Amino acid sequence: MLTALVLGTTLLAFLAFAFPKSANGAAKWYGVAVALAGLVLLELMDPAAFPPDESARWLSYPFASNFHLGMGGVSYALVQLLATVTVCALLATNVPRQRNFVGLMLLLEATMLGLFLAKDLLLFALLWDAMLIPVFLLMIGWSVHPATAWRYLIYNVAGGLLLLLGTATYGVIYGTTDVIGKGQVTPISDAWAPWILAAFAVAFLVKTPVFPFHTWMPDTYAELPSPVAAVVSSVQSKAGLYGFIAIGLPLFTAWTHEFATVMIVLGTIGLLYGAVIALVADDAKKVVAYSSLSHLGLILIAIFVFNDYALRGAVVYIVAHGFFSAAMFLVIGYVETREETRLVSRIGGLARGSPILAGAMAIAALAALGLPGLAGFAGELFILTGVYQAGYAWLAALALVAIVLAAAYMLRVYQGFMHGPEQADLPQRPDLRPLEIVAVAPLFLALVLLGVNPGPVANYPDQAYTMLAEKR
Amino acid sequence: MGIEGQYPLLFLIWLAPFAGAIVIWALGPKLKSWSGPIGCAAIGVSFVATLASWADAVRSGPAGATTVVGAHQTMVTWIKGFALGLLWDPLTLVWTLIITGVGFLIHFYSMGYMHGDRGYPRFFAYMNFFVFAMLTLVLADNFVVLLVGWGLVGLASFFLIGFWFERPSAVAAATKAFVMNVVGDVGILFAIFILVAVVGSVSFADAFAGVQAHAYNGQLLFIACAALFVGCAAKSAQVPLHSWLPDAMEGPTPVSALIHAATMVTAGVYLIARCWPMWQGSADARELVGVIGGLTALLGAILGIGQWDIKRILAYSTMSQIGYMIMGVGVGAYDGGVLHFFTHAFFKAQLFLTAGIVIHALHNEQDVRRMGGLRAREPFAFWSMLVATLSICGFPPLAGFFSKDAVVYETLVKGHPVLYAIGVLTAGITAYYMFRMVFITFFGTYRGEIDPSSLGIRHPELAGTSAGLLKHPHDEAAPHEEHAPAWLMTAPVAVLFVGTIFAGFLDLGGTNSFWYGLLQPVFGATIAPVEGAAPFSELASSALVFIVVLAGIGLAYLRYGSTAALRDSVARLRNESIRMFPLLTNAFYFDAAIDALFVRPSRAFGTFFGVVVDPLVIDGAVREARVSALWLGHLFRSFQTGLVRAYALTIVFGAAAFIVYYAVVGAH
Amino acid sequence: MSVALANYIALSAVIFMIGAAGVVLRRNPLVMLMAIELMWNAANLAFVAYARASMNNAGHIFAFLVITVAAAEAAIGLAIVVIVFRRAEFVDVDEVSVLKG
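Chains as they are written, first to last, in this note's numbering: chain A, 124 to 595; chain B, -10 to 657; chain C, 4 to 104.
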């Protein structure tokens, strides 16, 4: 079933390219239907009894490698997020050459589905690079400054190469790469382990991104068309964090402890650094980009304090951040299509003419600043509870500063756009159309439901939690 | 003891306002003027359900009981240690009664006050949402749901302060209030971390049981209390997190009455009263809270002297009165502090609503210098304001007298003579600035037609917080002929008279009083009267306070109310405006300090990192790598001449070098 | 009575040097090709000499391989020279530097 999901989405993605030129509008609905079917398939699964793994040998020499797909708790949270956000992003899509756009978006979904379900390191590494291609092409084809695409590609391919190198080394030394989700299989004393982990870590940190590997990110997020930015910021950026949870922690348990200090320091720097830059950035998309740097830094910290609360919080926050950053990008996209700018200093007073738009942005911004009662809060609460419990009281206190800053910068964007006097020189545009509301509504629903009870996401059974518990 | 079994009405109390908010928010444009009655009905249902639930609890409880017995039930468990549910006990009951009761009156009043405003449905949606959020706060049986309510009331406050969002000053005030309240939220968050680490649970019961079991090591209990108090200080406008409250007067007046006087700002008092076992366990925490509360009471009263905006005067008086409450619950006088919350809700709501009537009558004038002589023009407002002012000053036998004297005397009983002195002094200052307002506003002659500059108003358009550059939104939508009937606004105020005058009688009779019987199950022996702990009796203390209050009123009369003062009031007001201490007009420079210490540095950091470090240093390093690669390329390029013979020569020399090398190495 | 191995090697080295000097010093591509041919054959001589000395046939086999490769190389080289002649009327390799970086 999992193979069918991944390969089926891939095939159907290619089918979108075959649409005739006249059927651009139909292509969008085709894409929505495909993504929705995937989502329905995922929702039908039972978290207590995931479908069995599916595996086929595809390499025996120089090491054994399988096309191995399987579902775990963390994967399940992520693929649900991915499917939901893809549906919403496709609903909100309104671009020229729509069929190609839709095809690439579905391809992006398919590669990431495969990535989060991959149980084999080599498969993981290959899909890691494969998922760059659709984003790169989307950027080349639909962004204002296609040159930014090269920056994205070079940074991420550099990371991808390290990942591949690490995977190859791992395979040659340990004989197999079919190891994800099998618990700790590496002899801890091995001299190669830290180098492999380091290669993986750099790849993961670039992708997330974490300070100081983040400079590709603000421009990329700002340049990408909003639906793509929503998917990339909400799901693709989680690939690295997922990598740490699913690969780093189980395979290199002892060495991750050696790496913990560095990771926590990097995460903390990113946490505050992103927040203060978001405080002054004028481009709304860059504010969200730098806020992502801040939020994802917090998740990195959560992973590397090795605490059950923090790890479960990390998963909740990964999902919550996925929903609210996607919502932010889509809503900013709505504003941008109406006002042809997204500078906080230029826009003002939209709430008067577009109350629904204002409401939508309010919910997205409030979730992003961690309003209690919405999903982001639950994630922050669990993470910081765990951070404190793990003995980093000062770090928990420092993170609270970032939460206060988050309130300041998110409100700055919201109020800059929506409140204040109307700007007379900006075009008067209608409020959100029903379709635009439908596109963001699932995200808001998810944010509220997760905020009321994050339990389901936090309690998906996953070997990462059991390993953490056994260690203690 | 399940909530669903014993108190089926609890969900109705809790969710009726939420349903109202959702209905009005979704259907607002269609409901139009019906949104007001629907909003009122939602709160009314909640209030009736509260009473019914109380009656039900008394009937089914032990004979002679006047209160509900604490009960809570878990509704949902997030993860281990995070079991969340609702709680129904006397303390919650007191707050719920005020939130829904006074809340209903203020909703009713708003139907008149907000009549004709473009945002009429939006206003009621926000107000209903606020009531829901506040009920969430007080009905929680754990710190997480409490914090959810805590955050949501802040959100409602944000939207209502910025209700007229076209005004930049309102937008700035809303942001300021929200961000300062987030500072408070994270304080409570930190306390939750400690609790989970120590007792492994976020529920009140487990946290307090931990105090009994001495689970907190060393200073941890104090740190937890202090962290909680950061939340209280932000929400209840305690020094140094108070400066958002005066600015919050940008919101419509009913908002100021409900949120920034009667209910939300007292959440800090609720939290400390709720967590009294923790405070009982830490003397340092009691000391801290008592001192901050006393300081706030004094500071608010002093700042109240220097204000000209009628709503800002009331805002500072709110801050000062909450200082009393915090001081009360801080020193351990939980019943007194809660009683002061109870009576304050009535008289402060009445003050604000009456101020709203005045502001409404004068077409949104808020500067008291441009009022005057309104006694004859607005007799109802005058009598209402006078009675409520006497109540806030603690004039016997009005409600404020009982609660304020209880708090002040308790500080002495619990052994804080300095706080007692502050309490007495503040009572005098309160009487002075409140009567200053009454005299300037209602006595003498009307000054609204006089040139503002002759009153010392330098920037008339900026003088009030909201008599502003932009026309008041009321005016745009509806001409004044279409004003709602006056009784919509006067009737709720008339009802509030009852509370303002009689609410204090509940405390008559010491341990036999209704109030003691109500709260005794919560606080137990901690609020039992202690004999002989104070150097003099409560009656003597009351007499002392009364004398000080009379002195304050007398001073205000001499400066503003006497015949001589009223005769040349214009010149006097101008003089005072010009000679006002900068310390007072700038509110002790708290805003400037916060700006210089926190706001500017973070923005400067942001600019520095965003403009310099990120593009030039970090990305610069990457670009440097690219440049070096280019340079290397250029270097190697020069070797590629394209001349075959040059290549050949290189090869020959290379081969020769190999041979020579091996010849030499081979020789050794 | 056989000639000493060193003599073969010395002869091979001398021929190789002559060839190398030809490649480096002459500008006519045809002559350069001939010089390269000399170098090949110097190498062949060394192969065969060593093979005889060590009584091992691998050297002979390599010599044949070299002859084959040399033939192919000469064919390709001549073809290139002809094409260059056609494109430009000169016979000086220094004038042909289209591969300059």
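Glycine included, each C-beta is placed from N, C-alpha and C at the ideal position.
Keep in mind that this is a model prediction, so the values were computed, not measured.
Mind checking whether residue i and residue j have CB atoms under 8 Å apart?
i, j, result
"B:Arg436", "B:Val347", "no"
"A:Leu492", "A:Thr391", "no"
"B:Ala114", "B:Ile32", "no"
"B:Thr164", "B:Leu141", "no"
"B:Gln227", "B:Gly293", "no"
"B:Thr434", "B:Gly361", "yes"
"A:Gly282", "A:Val129", "no"
"B:Phe661", "B:Cys29", "Beyond the ends of chain B as shown, which are -10 and 657, falls residue 661 of chain B; an answer cannot be given."
"A:Leu204", "A:Val438", "no"
"B:Gly541", "B:Thr430", "no"
"A:Leu229", "A:Ala136", "yes"
"C:Ala46", "C:Leu8", "no"
"A:Ile368", "A:Ala433", "no"
"B:Asn131", "B:Phe193", "yes"
"B:Phe486", "B:Val376", "yes"
"C:Ser15", "C:Ala49", "yes"
"B:Val327", "B:Val47", "no"
"B:Leu149", "B:Ala246", "no"
"A:Ala215", "A:Ser349", "yes"
"A:Gly420", "A:Leu394", "yes"
"B:Leu(-2)", "B:Ala60", "no"
"A:Val510", "A:Ala587", "no"
"A:Met254", "A:Thr234", "yes"
"B:Gly609", "A:Val403", "no"
Quick one: using the 10 Å Cβ neighbour count with 16 as the cut-off for buried, is residue i buried or exposed?
i, result
"B:Phe642", "exposed"
"C:Met58", "exposed"
"B:Gly655", "exposed"
"B:Glu354", "buried"
"A:Lys242", "buried"
"B:Gly9", "buried"
"B:Ser22", "exposed"
"B:Gly453", "With a pLDDT of only 42 at B:Gly453, under the threshold of 50, the placement of this residue in the model should not be trusted; the figure read from the coordinates follows. B:Gly453 is buried by the Cβ-count criterion."
"B:Arg425", "buried"
"A:Pro577", "buried"
"C:Arg89", "exposed"
From what residue to what residue does the alpha helix (DSSP H) around residue i run?
i, result
"B:Thr63", "Not the alpha helix (DSSP H): B:Thr63 falls in the beta strand (DSSP E), residues 60 to 66."
"B:His333", "323 to 350"
"B:Asp174", "157 to 188"
"B:Phe384", "Per DSSP, B:Phe384 belongs to no alpha helix (DSSP H) and is neither H nor E."
"A:Lys242", "First-last for A:Lys242: undefined, no H or E at that position."
"B:Lys403", "Looking at the DSSP string, B:Lys403 is not in any alpha helix (DSSP H), and its letter there is neither H nor E."
"C:Leu14", "8 to 28"
Between which two residues does the beta strand (DSSP E) harbouring residue i extend?
i, result
"B:Leu75", "72 to 77"
Using a cut-off of 9 Å between C-beta atoms, extract the partners of residue i located in chain F.
i, result
"A:Gly294", "No chain F appears in this structure, whose protein chains are A, B and C."
Task: Sequence ranges, alpha helix (DSSP H) only - wholly within the segment 153 to 225 of chain A, length at least 4 - done: Correct list: 196 to 214.
- [ ] Quick one: which residues of the segment 20 to 52 of chain C get their C-beta closer than 7 Å to a C-beta of chain B? List them in chain order.
- [x] Ala23, Val26, Val27
Task: Interface positions of the segment 212 to 230 of chain A facing chain B (Cβ-Cβ less than 7 Å), listed along the chain - done: Within the segment 212 to 230 of chain A, no residue qualifies.
- [ ] Give, in chain order, every residue of the segment 87 to 102 of chain C whose Cβ lies closer than 9 Å to some Cβ of chain B.
- [x] Residues of the segment 87 to 102 of chain C with a Cβ closer than 9 Å to any Cβ of chain B, in chain order: Val96, Asp97, Val99, Ser100, Val101, Leu102.
Task: Segments of 4+ residues assigned as alpha helix (DSSP H) that fall wholly inside the segment 557 to 631 of chain B - done: Qualifying alpha helix (DSSP H) stretches, in chain order: 558 to 568, 571 to 574, 579 to 583, 589 to 596, 608 to 626.
- [ ] Check each residue of the segment 636 to 655 of chain B: if its Cβ is closer than 8 Å to any Cβ of chain C, include it; give the result in chain order.
- [x] Ala637, Leu638, Val641
TODO: Taking a Cβ distance cut-off of 7 Å, strictly less, list which residues of the segment 146 to 165 of chain B are near chain A, in chain order.
DONE: For the segment 146 to 165 of chain B, the residues whose beta carbon sits under 7 Å from a beta carbon of chain A are, in order, Gly151, Phe154, Glu155, Pro157, Val160, Thr164.
- [ ] Run through the segment 276 to 335 of chain A for me and flag every whole alpha helix (DSSP H) of 4 or more residues, listed as ranges in chain order.
- [x] If we require 4 residues or more, the alpha helix (DSSP H) runs fully inside the segment 276 to 335 of chain A come out as 316 to 330.
Open item on the list: Give the list of continuous alpha helix (DSSP H) stretches no shorter than 4 residues that lie fully inside the segment 409 to 480 of chain A.
Closed with: 431 to 462, 473 to 476
- [ ] Residues of the segment 589 to 615 of chain B with a CB closer than 9 Å to any CB of chain C: list them in chain order, please.
- [x] Under the 9 Å Cβ criterion, the segment 589 to 615 of chain B contributes no residue.
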